[in-house]
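Counting in the working numbering, the sequence shown tops out at residue 256, every number present.
See below for the structure under consideration.
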Amino acid sequence: MSILTEHFDLSDGHTIPKLGFGTWQTPNDVAPEAVSQALEIGYTHIDTARAYQNEAGVGDGWRTSGLDRESVYITSKVPAEAKTYEEAKAAIATSLEQLNAGYIDLLLIHAPKPWPQMFKADMPRYFEANLQVWKAMEEAHAAGQVHSLGVSNFQVDDLTNITEHAQVMPQANQIRFHIGYTQDEVVEYCQSHGVLIEAYSPLGTGRLLGNPDLSVIADNNDVSVAQLCIRYALQHGCLPLPKSTHRQYIEANTKVDFQLSADDMAALDALKLDD
Ligand code: A2P
-18 MSILTEHFDL
-8 SDGHTIPKLG
2 FGTWQTPNDV
12 APEAVSQALE
22 IGYTHIDTAR
32 AYQNEAGVGD
42 GWRTSGLDRE
52 SVYITSKVPA
62 EAKTYEEAKA
72 AIATSLEQLN
82 AGYIDLLLIH
92 APKPWPQMFK
102 ADMPRYFEAN
112 LQVWKAMEEA
122 HAAGQVHSLG
132 VSNFQVDDLT
142 NITEHAQVMP
152 QANQIRFHIG
162 YTQDEVVEYC
172 QSHGVLIEAY
182 SPLGTGRLLG
192 NPDLSVIADN
202 NDVSVAQLCI
212 RYALQHGCLP
222 LPKSTHRQYI
232 EANTKVDFQL
242 SADDMAALDA
252 LKLDD
């Protein structure tokens, strides 16, 4: 069976295709071709964000493909900087307009804090602000503009803040996850609480591809390092979102219907790679 026909079940009753097509760093003028190629190859799940400034291109790529809206799963994200109800509401309206695809399948809060504060210690936590953003997202959900809600780059306390107050539960947490960077605490929490982990940068934004340790394991399995990385995320129960703008890579990244042994997984788990 091809990964392209497999799904994860979300706890709200929706399903989500197991492999997504990442578009972070894909410019808006490149997105239509990259997305339409991915859909032609058989991807049915495209991941974008307001912050990527390519929602219009992603929407165009879907329209070019000629596929029914129901055959394609589209994720977008409320910008990390939108931390009031009004800002979130306006951002959602803009995403819907830019995508021009009727509805959004999955809408995420892009990050718990605005980007400049994300990776600095001793910054405010925005717990109340994220609840205001969530309220705007719940309204879009109630209006049928969005089918499922989730978060991105959230740690456990960011997530419990939402789940303790939400009417509509988060279905996914999209985080950086790749060999050598696995964020075990948040992954374990989410997976034991029915929140799907989506893995962005599953190839380490390309940096893993030249790693000699990974080349050895990939060669032993007769696959590329990219395929090894994607398979690794899947075997951890995560939904990988590999990004590419090259047709041969986009296609090769779907050929992941092999199994990594427990020994290989343990060796990969033990690798801790520098940032
Ligand atoms: P490009 O976009 O030029 O096609 P990640 O998914 O971790 O963010 O990694 C994306 C990076 O990895 C991009 O630079 C992308 O190149 C590259 N890439 C994606 N798939 C492959 C592949 N199968 N072989 C080589 N490079 C790849």
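The beta-carbon is built from N, C-alpha and C at its ideal position, and this holds for glycine as well.
Model, not experiment: these values are computed from the prediction.
Residue-chain proximity (residue i, chain B), Cβ-Cβ < 8 Å
i  : result
T7 : No chain B appears in the structure shown, which is made up of a single protein chain.
Cutoff 8 Å; reference residue i; Cβ partners in own chain excluding five residues on either side
i    : result
I231 : F2, A15, Q18, A19, I22, Y24, S225
Q126 : I73, L77, Y84, I85
T235 : S(-17), I(-16), L(-15), L0, I22, G23, Y24
H91  : A30, R31, A32, K58, V59, P60, A61, S133, N134
Beta-carbon proximity list for residue i, same chain, < 6 Å, skipping 5 on both sides
i    : result
F135 : P93, N154
V167 : Q136, V137
heavy atom of ligand 1 below 7 Å from residue i C-beta
i    : result
K58  : no
T4   : no
N234 : yes
G191 : no
P183 : yes
H217 : no
K224 : yes
Contact check, residue i vs residue j, beta carbons under 8 Å
i    : j      : result
I27  : I55    : yes
K70  : A117   : yes
V206 : A199   : yes
A30  : K58    : yes
L222 : F(-11) : no
L87  : G131   : yes
L249 : N202   : no
S268 : Q113   : The requested residue 268 does not occur in the structure, where the chain is confined to residues -18 to 256.
Nonlocal neighbours in the same chain, by C-beta distance under 7 Å from residue i, ignoring five residues either side
i    : result
M104 : K94, Q98
L184 : H159, L190, A207, C210, P223
Discussion item. As an exercise, report each continuous beta strand (DSSP E) stretch of at least 3 residues that is fully enclosed by the region 122 to 164, in chain order.
Written reply: 127 to 133, 153 to 157
Worksheet item: Which runs of the alpha helix (DSSP H), 4 residues or longer, sit entirely within the region 32 to 76?
Response: 36 to 46
Worksheet item: Which whole runs of the beta strand (DSSP E) in the region -4 to 23 are 3 residues long or more, in chain order?
Response: -4 to -2
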